[in-house]
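What follows is a set of notes on a single structure, which appears directly below.
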Amino acid sequence: MSYSIYDYIQSYCFPHLKSPEQRTAAAAAAIKTNIIEQSIRDIRDFFSQRRLIFMNDTSSTDTYLFLSLSQLLWHTPSRTSLSNSLKPYFYPLPITLHKYYKNFFLDLLQIKIQIDGKDLLNIIEQIKKKYGTKPIDKDDLTLLQNIYALIIEQYSNVFNSNIILHLPNVDCVLHPGSTLFFYPFEREHILSNPSSSSQDEHYVHPSIDRRVCLKAGVKVRKSPTNTTTASTPMPVPTPSTESQTATTSLSANAPSRVFPKIFGNKKLESILARLDDPHINPQLVENMDELNPNIVLEFLLELNKHTQITNNLSDDDIVIILKYFNDFLIHGYQGNFQKLRELKIYKPLWGTISSDDKQQQQQQQMPIQQCCSLENFSHVYVLHEEWSNIIRRSFKRNFFTEQFHEKKTVLLMQKKIEPLSKIFSHVRFNILSDLEIFLQLCLPYFRKLDVKSQGNLLKYFIEDIDDKLFPHEKEQCRKQLHDHLEIFTQTLTNNNEHVQKLSTGIAKTSRDPPEICAIYELYDPNMKNSRSILDVHHFPDEQFNTPTLLKFLKECGLRSYISTDKCKQIMESIQVSVKQDGWTNELRKRSKYLYEHLLANWTRYDNSILDYKFLEPYQMHSENDELLQLHEQYTNSSEPNPKDSFRFTCIKISDGELLKYAKLCWTSSYLLPEFIRLDYFNDSNDRQESIDQNALEFFKLNKKPSYALVQKNLANLAKIFSLKNEKFNDTNTSPKQISQHIIDDILMPVLKPIYNYFLHEIKVERRTEIYKELEDREFIYSRTRRQFLQAKFFCLNLPVTDEIPPFIFSLDNDFYQFKDFFLQIGTKSEPHPMLYGDILRKLSKVCDQDYLNSNELCKSLKAMECFFKYLATSTTVNSQTKLP
1 MSYSIYDYIQ
11 SYCFPHLKSP
21 EQRTAAAAAA
31 IKTNIIEQSI
41 RDIRDFFSQR
51 RLIFMNDTSS
61 TDTYLFLSLS
71 QLLWHTPSRT
81 SLSNSLKPYF
91 YPLPITLHKY
101 YKNFFLDLLQ
111 IKIQIDGKDL
121 LNIIEQIKKK
131 YGTKPIDKDD
141 LTLLQNIYAL
151 IIEQYSNVFN
161 SNIILHLPNV
171 DCVLHPGSTL
181 FFYPFEREHI
191 LSNPSSSSQD
201 EHYVHPSIDR
211 RVCLKAGVKV
221 RKSPTNTTTA
231 STPMPVPTPS
241 TESQTATTSL
251 SANAPSRVFP
261 KIFGNKKLES
271 ILARLDDPHI
281 NPQLVENMDE
291 LNPNIVLEFL
301 LELNKHTQIT
311 NNLSDDDIVI
321 ILKYFNDFLI
331 HGYQGNFQKL
341 RELKIYKPLW
351 GTISSDDKQQ
361 QQQQQMPIQQ
371 CCSLENFSHV
381 YVLHEEWSNI
391 IRRSFKRNFF
401 TEQFHEKKTV
411 LLMQKKIEPL
421 SKIFSHVRFN
431 ILSDLEIFLQ
441 LCLPYFRKLD
451 VKSQGNLLKY
461 FIEDIDDKLF
471 PHEKEQCRKQ
481 LHDHLEIFTQ
491 TLTNNNEHVQ
501 KLSTGIAKTS
511 RDPPEICAIY
521 ELYDPNMKNS
531 RSILDVHHFP
541 DEQFNTPTLL
551 KFLKECGLRS
561 YISTDKCKQI
571 MESIQVSVKQ
581 DGWTNELRKR
591 SKYLYEHLLA
601 NWTRYDNSIL
611 DYKFLEPYQM
621 HSENDELLQL
631 HEQYTNSSEP
641 NPKDSFRFTC
651 IKISDGELLK
661 YAKLCWTSSY
671 LLPEFIRLDY
681 FNDSNDRQES
691 IDQNALEFFK
701 LNKKPSYALV
711 QKNLANLAKI
721 FSLKNEKFND
731 TNTSPKQISQ
741 HIIDDILMPV
751 LKPIYNYFLH
761 EIKVERRTEI
771 YKELEDREFI
781 YSRTRRQFLQ
791 AKFFCLNLPV
801 TDEIPPFIFS
811 LDNDFYQFKD
821 FFLQIGTKSE
831 PHPMLYGDIL
841 RKLSKVCDQD
851 YLNSNELCKS
861 LKAMECFFKY
871 LATSTTVNSQ
881 TKLP
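Quick note, in the UniProt record's numbering, the sequence shown goes up one by one and the last residue is 884.
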């Protein structure tokens with residue numbers, strides 16, 4: 001946002017930088033030059049009075065800063081180690097901004113291009129005013145050391161003028177250099193002489209470069225007894241015999257300690273001279289030779305025993321010492337510098353105090369060790385500053401403390417690794433690549449991080465490391481991440497739209513277990529309808545719910561489909577829930593979305609998935625359903641509680657038939673839910689499309705109901721909807737019974753698909769067998785009789801007026817399209833006189849035993865009438881035809 005504004009200001013004040021389109025618009029506006037010049041002056045004045053320059057500074061505790069113009073530098077100091085050394089007084093602009101914002105910063109705001117000696121002296125003066133007579137803290141001491149280094153190396157001309165350079169004394173209080181003295185070798189003599197203790201504050205801090213001290217006017221005090229001040233002298237107590245002996249010895253040795261010899265490496269010379277201790281053998285000091293690293297190492301090891309090296313060395317001093325030995329190795333020196341591990345100059349990452357650590361230390365008054373030796377550690381890793389800051393921010397302090405106290409692993413922060421790589425490798429310090437740091441140091445302990453640190457660490461890896469890897473490195477990295485990456489899962493708490501509040505009014509922040517899960521056990525939260533199938537613990541925490549992170553996690557093993565075993569677990573849980581509590585809306589939704597997921601990813605599953613029950617049988621509940629009224633009559637007659645018939649029933653796909661075949665088998669088989677069809681809705685093009693044929697074969701949806709189911713369905717209908725069914729005709733048990741005429745209207749459309757199935761869907765090779773079986777079944781419905789009868793009682797083309805129940809019936813006109821089927825199971829092809837002759841024969845047998853009643857008499861008369869009617873038109877009956 002800030003730099004968008006800078007872009008606009010720059011393009012307005014410098015029209016020649018605009019694109020051709022912008023230039024055309026500017027020309028149309030015709031802004032005058034004098035107006036632009038006045039605007040530049042106004043903008044410069046506005047910015048100079050405010051902090052308006054945004055800076056992203058990862059090295060600072062305040063990552064996002066707004067700076068004033070006086071704090072900006074166009075170029076950094078030439079010493080690369082000081083790229084951050086002058087903060088917070090000066091911030092160099094990143095190189096990436098130089099190309100695009102040169103006119104804005106240099107021409108418009110006119111920021112300082114480079115610092116000069118006066119700027120450095122001004123910083124020292126500000127620090128002096130800040131602390132007065134109080135000790136300065138470690139950060140400002142380091143800043144001063146960097147300033148002194150810049151002055152001595154690049155801005156030594158400041159000493160040409162009459163300046164007073166302030167230096168810190170041993171108590172870290174700033175004094176003019178001319179009032180300070182070099183710290184003497186005879187320290188124990190000073191401690192044994194109480195009169196000199198009051199003069200300690202006049203000794204310059206041991207960490208200050210000796211070259212700076214000399215330029216600042218620091219003096220050498222040969223004997224503490226010769227440098228008393230004008231204050232009232234204190235009586236000197238008579239020392240004991242042992243003290244006199246020690247003092248005499250030290251005084252005798254002092255003139256003979258000639259150190260250091262002339263070194264070409266002036267920085268190393270200054271450091272060694274500063275560290276010199278009277279306990280060290282003077283012979284070792286006199287034999288000090290810059291060309292003999294073994295003597296220098298021996299000297300340092302001796303200092304290690306007698307001197308607090310840690311307190312007297314800055315970070316740059318330690319680098320100078322290590323680089324000295326590193327240069328010998330670069331030039332092929334065959335020495336052994338393993339004992340460098342014994343020097344107490346190494347700062348473990350956990351021992352580096354951050355701003356948070358300082359506050360914690362003040363609250364708990366816990367001493368934090370700064371430096372140590374590393375000879376007993378099995379694994380030492382050297383990290384550059386960026387990685388050190390990331391790990392320190394991510395991991396808790398106790399993690400490093402445990403590693404340190406167990407002598408397992410210690411991490412060191414080193415700003416300059418490449419110039420010291422030889423010596424680090426020589427002393428068995430591990431210098432890892434960015435990828436190795438992530439995989440070896442971070443990944444094994446990923447579960448120790450909080451969720452925010454996990455997300456930030458993965459973002460850093462993606463943005464700064466992953467893109468730089470070769471393809472084979474990426475492949476190996478993904479395998480390791482798949483096997484070992486563990487991250488936080490979502491919880492019910494952070495899944496709610498609003499955080500629930502406790503009764504006290506405090507937001508609930510506790511997480512529900514499980515908190516950590518392997519990446520290959522988690523699922524993509526953007527997977528369609530996944531949240532209705534899986535609970536929240538199966539998804540990464542919302543901290544990872546960004547396109548970049550999700551894409552990376554999917555490459556590492558985040559699942560984009562539900563595994564076979566997990567699907568089976570879900571199906572079993574649905575079945576158990578249905579048996580216990582019956583079907584609920586949530587279970588129905590879960591069942592539906594699980595089926596849709598199976599359909600979308602069917603190639604990933606085997607046939608065993610089809611053996612699990614997870615579906616609710618279809619129940620006719622739609623008002624537009626053609627079977628609804630008929631179903632109500634059927635269930636009222638056959639089941640006591642039709643509404644609860646499937647409430648606790650769970651089926652698998654193979655247990656039911658598609659709803660489109662409901663009329664064929666609705667009383668003999670379960671019907672699959674409505675959402676199981678032969679087509680599906682394609683989200684990519686918002687169209688309904690047919691399911692792939694192979695998928696239909698996998699789910700066995702490309703089959704029609706079997707003959708046995710259709711035959712059983714017809715038998716059930718015949719049993720229920722016949723007038724001879726006493727239960728169906730009992731009004732006491734059928735309170736919702738409707739008229740027979742209405743039943744005829746709703747029954748006929750159901751029977752037609754069944755008869756069509758028998759006509760067309762029976763396999764040719766089985767038709768003879770099946771049709772023979774159907775001859776004796778009461779499967780054809782008669783409106784006249786209101787019941788199902790065998791095919792032999794029906795005749796085609798017979799007028800209804802010529803029916804003689806129960807002997808002969810006219811086939812309903814709605815069934816004529818299936819006449820080929822009916823003819824094959826015994827239906828008469830046309831009216832024939834012999835049909836009625838047969839009726840007369842049957843009635844005549846009644847006359848042999850008794851008189852015909854009125855009904856039988858009427859039927860015999862009608863049979864005689866029809867016999868002669870069709871005899872007159874028959875071409876097949878003649879005098880030779882034998883009567884029945």
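Using N, Cα and C, we set each Cβ at its ideal position, and we do this for glycine too.
Residue nearest to valine 427 in terms of C-alpha spacing, selected from Val451, Lys99, Glu375, Asn456 = Answer by Cα proximity: Glu375.
Kindly provide the ranges of any beta strand (DSSP E) runs that are 3 or more residues long and lie completely inside the segment 793-862, ordered along the chain.
-> Complete beta strand (DSSP E) runs here, min 3: none at all.
Residue from Asn813, Leu272, Leu443 with nearest C-alpha to phenylalanine 461 | When each option's Cα is compared against that of phenylalanine 461, the closest is Leu443.
Could you tell me which uninterrupted alpha helix (DSSP H) segments, each at least 4 residues in length, are contained entirely in the segment 551-632, listed from first to last along the chain?
-> Entirely contained in the segment 551-632, the alpha helix (DSSP H) runs reaching 4 residues are, in chain order, 564-581, 585-600.
Once you ignore the five residues that flank glutamate 242 on each side, which residues in its own chain have a CB closer than 6 Å to its CB?
-> Because the pLDDT of glutamate 242 is 36, which lies under 50, any placement of that residue in the model is unreliable, and the number read from its coordinates should be weighed accordingly. Taking glutamate 242 as the centre and dropping the five residues before and after it, the same chain places no C-beta closer than 6 Å to its C-beta.
Helix, strand or coil: how does DSSP classify glutamate 726 here?
-> Caution applies to glutamate 726, whose pLDDT of 46 falls short of 50 and renders its modelled position unreliable; the value that the coordinates give is listed next. Glutamate 726 falls in the helix class under three-state DSSP.
Could you say if the segment 670-679 and the segment 650-661 meet the contact criterion of at least three C-beta pairs nearer than 8 Å?
-> Of all C-beta pairs linking the segment 670-679 to the segment 650-661, three or more are shorter than 8 Å, placing the two stretches in contact.
For the segment 102-167, which segments carrying the beta strand (DSSP E) assignment without a break, of at least 3 residues, lie completely within its bounds, in sequence order?
-> As far as the segment 102-167 is concerned, it has no whole beta strand (DSSP E) run of at least 3 residues.
Following the continuous beta strand (DSSP E) through valine 410, name the residue where it begins and the one where it ends.
-> Unbroken beta strand (DSSP E) run through valine 410: 409-413.
Check whether residue 885 and phenylalanine 614 have beta carbons under 8 Å apart = Limits of the chain in this structure are 1 at one end and 884 at the other, which puts residue 885 out of reach.
Pair within 8 Å by beta-carbon distance, phenylalanine 818 and asparagine 756 = In this structure, the beta-carbon distance from phenylalanine 818 to asparagine 756 falls below 8 Å.
Hey, quick one: how far does the beta strand (DSSP E) through histidine 379 stretch, first residue to last?
-> Here the beta strand (DSSP E) through histidine 379 covers 379-383.
Given glutamate 302, which residues of its chain have a CB within under 6 Å of its CB, disregarding the five upstream and five downstream residues?
-> The answer, listed in chain order, is Ile280.
Which term fits glycine 335, buried or exposed, when burial requires 16 or more other beta carbons within 10 angstroms of its beta carbon?
-> That one is exposed.
With aspartate 679 as the anchor, note down where its alpha helix (DSSP H) starts and where it stops.
-> According to the DSSP assignment, aspartate 679 belongs to no alpha helix (DSSP H) but to the beta strand (DSSP E) extending over 679-682.
Could you tell me which of Ile391, Val410, Ser394, Glu386 sits nearest to serine 378, measuring between CA atoms?
-> Nearest to serine 378 by C-alpha distance, out of Ile391, Val410, Ser394, Glu386, is Val410.
Does the distance from the C-beta atom of valine 536 to that of leucine 492 stay below 8 Å?
-> A Cβ-Cβ contact shorter than 8 Å links valine 536 with leucine 492.
Relative to the alpha-carbon of serine 532, which residue among Ser854, Gln580, Glu586, Pro547 has its alpha-carbon at the smallest distance?
-> For serine 532, the nearest C-alpha among the options comes from Glu586.
Is leucine 349 helix, strand or coil by DSSP?
-> DSSP places leucine 349 in helix when its eight states are reduced to three.
Inter-stretch contact (C-beta, 8 Å, three-pair minimum) for the segment 796-813 and the segment 852-872 = With three or more CB-CB distances shorter than 8 Å, the segment 796-813 counts as touching the segment 852-872.
Indicate the three-state DSSP secondary structure (helix, strand or coil) for glutamine 787 in the structure shown.
-> Secondary structure at glutamine 787: strand, using DSSP grouped into helix, strand and coil.
Throw me the rounded Cβ distance for the asparagine 529 and glutamate 596 pair, which I believe falls under 8 Å.
-> Sure, about 7 Å apart at Cβ, within 8 Å.
When you compare only the Cα positions, how much space is there between aspartate 611 and threonine 564?
-> Approximately 12 Å between the Cα atoms of the pair.
By how many angstroms is the C-alpha of serine 782 removed from the C-alpha of histidine 760?
-> Those two C-alpha atoms are separated by around 22 Å.
Spell out a yes or no on whether the segment 674-685 and the segment 745-752 are touching, meaning 3 or more CB-CB pairs, one atom from each, closer than 8 Å.
-> Segment contact: the segment 674-685 against the segment 745-752, fewer than three CB-CB distances shorter than 8 Å; contact not assigned.
List the DSSP bridge partners of glycine 656.
-> For glycine 656, the pairing in a beta bridge is given by DSSP as Tyr670.
Alpha carbon of isoleucine 487 to alpha carbon of lysine 459, nearest angstrom | Each residue's alpha carbon lies about 13 Å from the other.
Report yes if the C-beta distance between isoleucine 345 and isoleucine 391 is below 8 Å; otherwise report no.
-> The criterion of a C-beta distance shorter than 8 Å is not satisfied by isoleucine 345 and isoleucine 391.
Does DSSP put threonine 491 in a helix, a strand or coil?
-> For threonine 491, the three-state secondary structure derived from DSSP is coil.
Among the residues of its own chain, which have a CB less than 6 Å from the CB of leucine 446, if the five just before and after it don't count?
-> Note on residue identity: the sequence assigns phenylalanine, not leucine, to residue 446. Around phenylalanine 446: Glu486.
Would you call the segment 417-431 and the segment 315-329 in contact, with 3 or more CB pairs under 8 Å?
-> Using a C-beta cut-off of 8 Å, the segment 417-431 makes contact with the segment 315-329, since at least three inter-stretch Cβ pairs fall below that distance.
What number of angstroms, rounded off, separates the C-alpha of lysine 772 from the C-alpha of tyrosine 707?
-> C-alpha of lysine 772 to C-alpha of tyrosine 707: approximately 14 Å in a straight line.
Just reading off the alpha helix (DSSP H) that serine 39 is part of, what are its end residues?
-> Element bounds for serine 39: 33-48.
Go through its chain and collect everything with a Cβ distance to asparagine 226's Cβ below 7 Å, but skip five positions before and after it.
-> The predicted model places asparagine 226 with a pLDDT of 37, which falls under 50 and marks its position as unreliable, so this point remains unresolved.
Range of the contiguous alpha helix (DSSP H) that encloses isoleucine 330 | Isoleucine 330 -> alpha helix (DSSP H) spans 315-330.
Coarse secondary structure for serine 207, derived from DSSP in three states = The three-state secondary structure of serine 207, taken from DSSP, is coil.
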